[in-house]
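Note that the numbering used here has the sequence shown beginning at 3, numbered continuously upward. A virtual CB, placed ideally from N, CA and C, is assigned to each residue, including glycine. Computed from a predicted structure; not experimentally measured. For reference, the structure is listed below as structure tokens.
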Amino acid sequence: MKRVEGRIAVVTGGTRGIGRAISLRLAEEGANVVVVSRGTDHSIEELLHKARKFKVEAIHLRADVSSSEQVKKVFEDVIERFARVDILVNNAAIADYVYKSGWELSEEKWDEMYSINLKGVFLCCREAIPIMIKNRWGRIINISSTSGITGGTSGIHYAATKGGVIALTKAIANEVARFGITVNCVAPSKVGTEMFYNTIKSQGLTEKDVVRKIPVGRLGRPEDIADAVAYFAGEQAGYTTGQVLVVSGGY
3 MKRVEGRIAV
13 VTGGTRGIGR
23 AISLRLAEEG
33 ANVVVVSRGT
43 DHSIEELLHK
53 ARKFKVEAIH
63 LRADVSSSEQ
73 VKKVFEDVIE
83 RFARVDILVN
93 NAAIADYVYK
103 SGWELSEEKW
113 DEMYSINLKG
123 VFLCCREAIP
133 IMIKNRWGRI
143 INISSTSGIT
153 GGTSGIHYAA
163 TKGGVIALTK
173 AIANEVARFG
183 ITVNCVAPSK
193 VGTEMFYNTI
203 KSQGLTEKDV
213 VRKIPVGRLG
223 RPEDIADAVA
233 YFAGEQAGYT
243 TGQVLVVSGG
253 Y
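Have a look at this one:
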């Protein structure tokens, strides 16, 4: 039997990179998938087509997760279509490709990073949890980063928001465990996505520079992260909550 057969999954930032892999993996495991992103392009229809090959429903909704009104509308639309939300994957995030140093960071850059990377997670959880409480079952998986643990090299605002995601995960997990809801976090390191390549380019690094520091000798793949999410989304993770799974190749 598939891990999440018949479940309803909402994946933010679900159209590209890690989010795309998560959307497809959950569909493969039997979930009906609602893919959320700010923009639209031809690749989204391709993604939905691939997901539907697993004999599930797959739809796309546009929203900026930093907007409480837009997030609320997403969940209203999901309830109207599917009547419930079982799985929420908070993957939407941004990086700063022109970052130099913390003392040169503008307040606007800080606020933008916070609004999407951390506030967006809170807003989506706030909408999903009451729905999950009614059903006495839910799985929330937040995508953080090893930068939220180590500080990383992607900027103090990025590290702070990703560390905040970890703290938020643990705090919410404590509050909702009694309702049959688990809340866990996946913290990737160096994954070969467009965001990763843009980041190392801005730092004057090459892929080889990064890979030589990873003990397993390769970059992470989006599918590596999707595998971790699939575990947390299933029944077998019902006794696991408030945890952070680092997927880093030993980095």
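Quick check on the DSSP output: the beta strand (DSSP E) that includes residue i runs from which residue to which?
i    : result
G140 : 140 to 145
R64  : 60 to 64
T152 : First-last for T152: 149 to 152, but that is the alpha helix (DSSP H), not the beta strand (DSSP E).
I89  : 89 to 92
V13  : 10 to 14
V248 : 246 to 249
I183 : 183 to 190
N34  : 34 to 39
Which one of the options has the shortest CA to CA distance from residue i?
i    : options                : result
T195 : E47, T14, R22, G154    : R22
L247 : R86, E110, N176, I151  : I151
I96  : A53, S39, V178         : S39
V218 : K192, E225, A232       : K192
G251 : E129, I89, R5, K215    : K215
V249 : D229, V13, L26, E237   : D229
R223 : P190, E110, I131       : P190
F27  : G206, S45, G41, E7     : Sequence check: residue 27 is Arg here, not Phe. For R27, the nearest C-alpha among the options comes from E7.
I20  : M197, D211, A235, Q205 : M197
I81  : A53, T42, G165, N34    : N34
Report buried or exposed for residue i, applying the criterion of at least 16 other Cβ atoms within 10 angstroms of its Cβ.
i    : result
S147 : buried
N92  : buried
L120 : buried
M115 : buried
N144 : buried
R83  : exposed
S45  : exposed
Provide the residue span of the alpha helix (DSSP H) that contains residue i, from first to last.
i    : result
L170 : 158 to 178
P224 : 224 to 235
Using C-beta distances below 7 Å, list every residue in its chain close to residue i, excluding the 5 sequence neighbours before and after it, in chain order.
i   : result
L63 : V36, V38, V76, D79
E30 : F56
Give me, in chain order, the residues of the same chain whose beta-carbon lies closer than 8 Å to that of residue i; leave out the 5 immediate sequence neighbours on both sides.
i    : result
L107 : Y101, G157, I158, H159
Look at residue i and residue j and say whether their C-beta atoms are less than 8 Å apart.
i    : j    : result
V73  : I10  : no
A169 : V185 : no
F181 : I135 : yes
V231 : V167 : no
Q205 : T163 : no
T14  : A94  : yes
Ignore the nearest five residues each way along the sequence and tell me which others in residue i's own chain have a CB closer than 6 Å to its CB.
i    : result
A179 : T243
T171 : N144, V185, C187
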